[in-house]
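Novice: With this note's numbering, the residue at position 37 of the sequence shown is 44, and numbering never jumps.
Cβ atoms here follow ideal geometry from the backbone N, Cα and C, with glycine treated the same way.
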Amino acid sequence: MSLGQRLKACRKAKKLTQLDLSETLGFNRSTYAKYETGDNEPDNQTLQKLADFFGVSVDYLLGRTDVDFIVKEDNTHYDKSPSPIDKKDTGLSEFENLFFFELDKLSEEDKKKALEHVRYLRYLAEQQK
Numbered sequence: 008m009s010l011g012q013r014l015k016a017c018r019k020a021k022k023l024t025q026l027d028l029s030e031t032l033g034f035n036r037s038t039y040a041k042y043e044t045g046d047n048e049p050d051n052q053t054l055q056k057l058a059d060f061f062g063v064s065v066d067y068l069l070g071r072t073d074v075d076f077i078v079k080e081d082n083t084h085y086d087k088s089p090s091p092i093d094k095k096d097t098g099l100s101e102f103e104n105l106f107f108f109e110l111d112k113l114s115e116e117d118k119k120k121a122l123e124h125v126r127y128l129r130y131l132a133e134q135q136k
């Protein structure tokens, strides 16, 4: 996957338009659009800013790794307010919306508890087979 494809996938995962993203990060929309199409490449500082915003490594954006997340001590630098797109328009189930959009509102301890519950439910489902 190219840099542009990864940028687009990360942006869409956050349910942002190119305009939303460029305004949030202080870019010109057409400049950002050229990053996604591969017509232009961001400089190192911009690349790091994008990686930080998406919560991924620069290596992920550049295609050097497929690990698409990084663990951070403090991820409050960027505004995590909901996008203007209504979640019900995503085509995802209520469960998927909860898991993909609401999980970041939980504390780390609560995330661990939720993961334990999901693993237990998976275990129960496997036992019933």
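1) Judging by CA-CA distance, which residue of T53, L32, G70 and D46 is the nearest neighbour of A16?
2) To the nearest angstrom, how far is it from the Cα of Y130 to the Cα of L122?
3) Inspect the beta-carbon positions of L110 and K119 and report whether they are closer than 8 angstroms.
4) Which residue's Cα is closest to the Cα of E30: L57, G45 and N47?
5) Under the rule that 16 or more other beta-carbon atoms within 10 Å means buried, what is V63, buried or exposed?
6) Note down, in chain order, each residue of its chain lying with its Cβ closer than 6 angstroms to the Cβ of P49, except the 5 sequence neighbours on either side.
7) Among the residues of its own chain, which have a CB less than 6 angstroms from the CB of F61, if the five just before and after it don't count?
8) For L28, is the classification buried or exposed, using 16 other Cβ atoms within 10 angstroms of its Cβ as the cut-off for buried?
9) Would V65 and Q52 qualify as a contact pair, given that the criterion is a beta-carbon distance under 8 angstroms?
10) Quick one: what does DSSP say L69 is sitting in, helix, strand or coil?
Specialist: The short version:
1) G70
2) 12 angstroms
3) no
4) L57
5) buried
6) Y42
7) C17
8) buried
9) no
10) coil
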